[in-house]
Amino acid sequence: MSFSANTSAGGLTARQVWRGVALLAAALIAWMVLGIWPGWLDNLLDGKKAFVSAILNGVTLAGLYFLVASGFTLVFGLMRNVNLAHGSLYLLGAYIGYDVANWTGNWFLGILAGTLALGVTGALLQIVVFQRLAGDELRQTLVTIGISIVLADVMLAIWGGKTDQFSIPDWLDGAVVTPIITAVKANGQIVTLRYPLYRLVVLGAAVVIGVGLWLGLNKTKIGMMIRAGVDDRAMLAVTGINVRLLFVGVFAIGGMLAGFSGVIGGSALSVAPGEDVRYLLASLVVVIVGGMGSITGAAIGALLIGLAEQIGLVYFPTYGVVLTFVIMVVTLAVRPQGVMGNARTRNADPPRNVSPGDIRHAALSPASAVLGVALVLLPLVASPFLVFQLGAQSLILGLIALSLMVLAGYGGMVSLAQLTVAGLSGYLVAILGANSTGILGFGWPWQIYIPAAILISGIVAALIGAIAVRTAGIYTIMITLAVATAFFYLAQQNYSLFNGHSGFRGVAPPNVFGVEWGHQIPFYYLTLGVAALAYCGVVYAARSTFGRALMATRDNPRRMRAIGYNVTHVRIAAYFFAGLIAGTAGVLYVWFNGRISPGTISVSEAIGILVIAVIGGLRHPIGPFLGAALYVLLKTFAIDVVGADRFNTLIGGIFLAIVFTSPDGILGLWRRLSPKLAGNSLRQQAASLTAQRRP
Amino acid sequence: MSASRAAERLSNSSGFALELENVGRQFGALVALAGVNLRVAAGERRAVLGSNGAGKTTLFNAVTGDFPPTSGRILFFGEDVTSYPVQERIRRGLRRTYQISQLFGGLSVLDSIFVACRGVSRRRFSLLRPAETDATMAQARSIAHMVHLDEILQTPVAVLSHGQQRQLEIALALSGAPRFILFDEPAAGLSPSERRDLVAILNALPSHIGYIIIEHDLDVALRVSTYVTMMHNGRIFKEGTPQEIEDDEQVQAIYLGSGHG
Ligand SMILES: Nc1ncnc2c1ncn2[C@@H]1O[C@H](COP(=O)(O)OP(=O)(O)OP(=O)(O)O)[C@@H](O)[C@H]1O
Ligand SMILES: [Mg+2]
């Protein structure tokens, strides 16, 4: 039988090659761990102890990552539910376990409590929330985002912002001697490595649970049904099992795994706010690399990521996260479905759009003209502080959300990396222009650094797009979220380019045409002008050839190919244009804040942009600005509304309410009201018509 | 034997639009196409008949690249396109319709056809709005007129009736100067009058445009084609003129006896 070159049918031999490579690598690592190193190798890798410790840390961390990610991958594989609250479940499990362990003085009771409590939480989530949204993966994912926002805030309220440390039983504490020889002293005495016992126990637990899951999935009837469902969900319906119950069960297992690893991981490291994001990122990358719904894939992915992270930590500390990121990108480039993934899983079930952008309404309406005039006149009635703090901030966040609206509404691609692009632009302004931190700040003229920042943002956005469009639908959220998180960690860890934690201060707009653009009122008009321009540009371009092609691609990529389009190019171009908008907004944003630091582009802020766009509505370019105005208002006055600084709970709740009730956001609510009025008048007209006809 | 007859019949012809050499397609263990050899001349109008699951749609998918063949070679106007992505084949003049309509739910009828017409032009990525006098727009209108959709140009595709959706499928395949079109059961689900319209549209196509049409309704098939290919179990088992096919006993046994109706 002959195979043509463009098919994957040569997989058998390719797989054998990969196995050979993996075997060689394993043999090499085994020798490097167990053997006695020659001098040159010692010099090259900072000594054997550093290297072996990195490997052991990597493998034990991989055990933890595997535990977290296996729950995530199970839930996604079977239900196509990208549970972005999985990291929050991890942290909740850790906190509950911590409290119970402290109350009872028994660490094992802590584990039990964390595991069971999160199992129940998982089951409840499936019953109360996700069952209602069955078949609508995108909204399910949005809901998990809302839940993660609220949960993080609630956990902060209950457990505070401090870092907690478990005390584990004494006999698990301490280090053990391993048979690994790190050096041979001059007198012939052999030095062996000592390693924390607890970490080895974590690894052991991961192996036991992994094998258990594998056996459960491969050797039991239920497990085989689950696997069949992962590959082909239509199969589930015909097997005659109770699908609802199965889903609840799998979600409960996913929750239990999250809770269990929360307590285990919290004991190994620490329990603190922010850990949820860390383990969410780990789960995302592990599963993207390993392949959706595959336990073996999760194990492979966890091993790769755990090792990469620890080796990176030792050998290139400020670029460590880049290694993780590169692994993800290479996987997506070579094998988009992940190492053990199934291509069918990847392409199956293209998600419904949240709310497709609609060009029939995309004209400059009288309402938007009125709004424009009102915004121009705003400084006459509001204080300069409010104009700047509320007005300018809303417009800037609205711009970033607008770039998301273009991608999501017109392109059907929900990207969580738009703030990342804006942030990059802000960093470029600080680096290429001037800042007062005394680090970098090339002092280029504004005519050069502004266009450069915007253009580079567009190009980077296109690159992010090129990674994200390797897969379709729901994967976009996962990949762009992973990109956003990776960039955040990179900016935080790296000092040579991003000046790490503190970032850059003293970034201000130039004085051009004799106007001090940094002052509150001129800056407001600057943002208003840019926002109006971008808004009109989007409204115009929505009906351009490209705009229509983008919407057509969103609606039916297969047909698009069959009329001559390269769907990938269309999508990447959309990322580029959206990146230009986000990049422009980023320039304004760094001026508005006067500074840029990793905090500006943190994951919760990136999710905030999605919240803004969804609350405002993705159907029309005005939606993001409405959403931003509400967001900024609430953020500024949340203390007055709820009596405490529970802004995130409030905005998360509103977000959830919008996702559940009005997929089109505020805009949709408005439209729902106005057709009613129109409907009434139509009915009246019809009534009067029939009345006339009757003699 | 039948293939050689086909070749003989076409030996005087100027060239082939489509040549399939031993084309096969497997889905896992399932052999959907088992070494199909097929040649269709430029401008020729061919019908493909066969019972459900015979592999007709799979044949189209292999030719367009929607699901590329797992073995064999495909030549389009003499050029080997076997490893080309879908859009590259389309840009060389190939078009198709789908058995299950593949349309753009969020676009209007005119916008859909316009996007299709621009698909093979260099201005695919233009950020400018097309003018009312735009040539592509004019082409889109004339195609809409051809398939009787000119009354509802601004209607969103999502609210079209089944018949109108089938017309739009055809319109998309006619967009942008096609040289060869694959019609996958265009008449399925149409009313008798809509079928008559369809036959008229196909017969009114410029003579240089060739096509293959998959059709269960023998009457429709025979009125729009000059030569018939019969498929069964992923193979071609009979080729001939409509008359020869209708008279063939084997055909009657396998196809007309079971899959009809
Ligand atoms: N994408 C696919 N994945 C798996 N199997 C497929 C796929 N497409 C087609 N098949 C299988 O290939 C065989 C041929 O299908 P095909 O759709 O080509 O038949 P057909 O002749 O078009 O039938 P019909 O008259 O019903 O349209 C069938 O058994 C079908 O199940
Ligand atoms: Mg078919």
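Respectively, the protein sequence lines represent chains A and B. Each number in the working numbering comes from the position in the first sequence (counting from 1) with 32 added on. Each number in the working numbering comes from the position in the second sequence (counting from 1) with 2 added on. Where a beta carbon is used, it is the ideal one built from N, C-alpha and C, also for glycine.
In the structure shown, the three-state DSSP call for A/G178 is helix.
The Cβ neighbour count for A/H118, taken over all protein chains shown within 10 Å, is at least 16; the residue is labelled buried.
Taking the Cα positions, B/T99 is about 14 Å away from B/Q89.
Here A/I200 has W139, Y230, S299 as same chain residues with Cβ atoms under 7 Å from its own Cβ, once five neighbours each way along the sequence are excluded. Under the three-state reduction of DSSP, B/S110 is assigned to strand. In chain order, the residues that have a beta carbon nearer than 7 Å to some heavy atom of ligand 2 are B/K58, B/T59, B/Q101, B/D186, B/E187, B/I216. By the criterion of at least three beta-carbon pairs nearer than 8 Å, the stretch 342–350 of chain A is not in contact with the stretch 507–515 of chain A. Neighbours of A/A605 across chain B, judged by C-beta separation under 7 Å: F127. When the Cα atoms are used, A/L495 and A/D205 turn out to be separated by approximately 46 Å. Residue environment analysis places B/K240 among the buried positions, since at least 16 neighbouring C-beta atoms fall within 10 angstroms of its C-beta.
About 37 Å separates the CB atoms of B/Q101 and B/T135; that is not less than 8 Å, and the two are not in contact. A/A304 carries a coil assignment under DSSP once its states are collapsed to helix, strand and coil. Residues of chain A with a Cβ closer than 7 Å to the Cβ of B/R131 are, in chain order, Y572, R575, S576. Going by beta carbons, A/A563 and A/L427 fall inside the 8 Å limit.
Shortest gap from the CB of B/G52 to any heavy atom of ligand 1: under 7 Å. Counting only residues of its own chain and dropping the five nearest sequence neighbours on each side, A/F357 has a CB closer than 6 Å to the CB of A518.
At a threshold of 7 Å, B/F69 counts as near ligand 1, since its beta carbon sits closer than that to one of the ligand's heavy atoms. Going by C-alpha positions, B/A137 is about 12 Å away from B/S123. Residues of chain A with a Cβ closer than 8 Å to the Cβ of B/F106 are, in chain order, M583, A584, D587, N588, R591. B/S123 sits in coil when the DSSP states are folded into three classes, being neither helix nor strand. Relative to ligand 1, the nearest heavy atom lies less than 7 Å away from the CB of B/A56. Of A/A59, A/D168, A/S302, the smallest CA-CA separation from A/Y127 is found for A/S302. Only those residues of the stretch 161–178 of chain B whose C-beta falls short of 8 Å from the nearest C-beta of chain A are listed: L174, S177, G178. Using a Cβ-Cβ cut-off of 9 Å, A/R703 is close to nothing in chain B; its nearest Cβ partner there is about 15 Å away.
Three or more Cβ pairs closer than 8 Å define a contact, and the stretch 59–76 of chain B falls short of that threshold against the stretch 140–154 of chain B. DSSP places A/I143 inside the alpha helix (DSSP H), whose first and last residues are 139–156. At least 8 Å separates the CB of B/V222 from every CB of chain A. The beta-carbon separation of B/R48 and B/Y229, rounded to 5 Å, stays under the 8 Å limit for a contact. Secondary structure note for B/N24: it is in no alpha helix (DSSP H), and the uninterrupted beta strand (DSSP E) holding it is 18–29. Burial check for A/I190: the Cβ neighbour count within 10 Å stays below 16, so the residue is exposed. Restricting attention to A/T559, A/P630, A/S435, the CA atom closest to the CA of A/F536 is found in A/P630. Annotation: the continuous beta strand (DSSP E) that includes B/I238 extends over 237–242. At a cut-off of 7 Å, the beta-carbon of B/L40 does not count as near ligand 1: no heavy atom of the ligand is closer than that.
At a cut-off of 8 Å between beta carbons, A/R259 makes no contact with chain B. When distances are taken from the beta-carbon of B/A34 to the heavy atoms of ligand 1, the shortest one is below 7 Å. Under the three-state reduction of DSSP, B/F78 is assigned to strand.
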